[in-house]
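Q:
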Amino acid sequence: MGQVTIYLDDEAETRVQEAAEVNGVAVSRWVAELIRERTAAEWPESVRQLAGAWSDFPDAETLRHTR
169 MGQVTIYLDD
179 EAETRVQEAA
189 EVNGVAVSRW
199 VAELIRERTA
209 AEWPESVRQL
219 AGAWSDFPDA
229 ETLRHTR
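Per our numbering, the very first residue in the sequence shown carries number 169; after that it's consecutive.
1. What is the C-beta distance between Val172 and Val184, in whole angstroms, given that I count them as a contact (C-beta under 8 angstroms)?
2. If we require 4 or more residues per run, which alpha helix (DSSP H) segments fall completely within the region 191-229?
3. Taking the C-alpha atoms as reference points, what is the distance between Glu229 and Leu218?
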């Protein structure tokens, strides 16, 4: 497992600590999860679930033929 040192100003450090506490995790876990989210190579499941949610939105074929 890698180890990284980062330097934060006082405000950022406080915000990170508060966010980790609210989520019930250690600061290092909170930062690691944020990095995983921000560097993900695919859409989150919550976004994928929206596919087809708008019944009046044209499908891919319709969009391709309107050019």
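Every residue, glycine too, gets a C-beta built ideally from N, C-alpha and C.
A: Reading it off the structure:
1. Position 4 of the sequence shown, counting from 1, holds the residue named residue 172. Position 16 of the sequence shown, counting from 1, holds the residue named residue 184. Between Val172 and Val184 a beta carbon distance of about 13 angstroms is seen, past the 8 angstroms cut, so the two are scored as non-contacting.
2. List check, alpha helix (DSSP H) in window: 195-206 and 213-216.
3. Your numbering for residue 229 matches position 61 in the sequence shown. Your numbering for residue 218 matches position 50 in the sequence shown. Near 19 angstroms, if we compare the C-alpha coordinates of Leu218 and Glu229.
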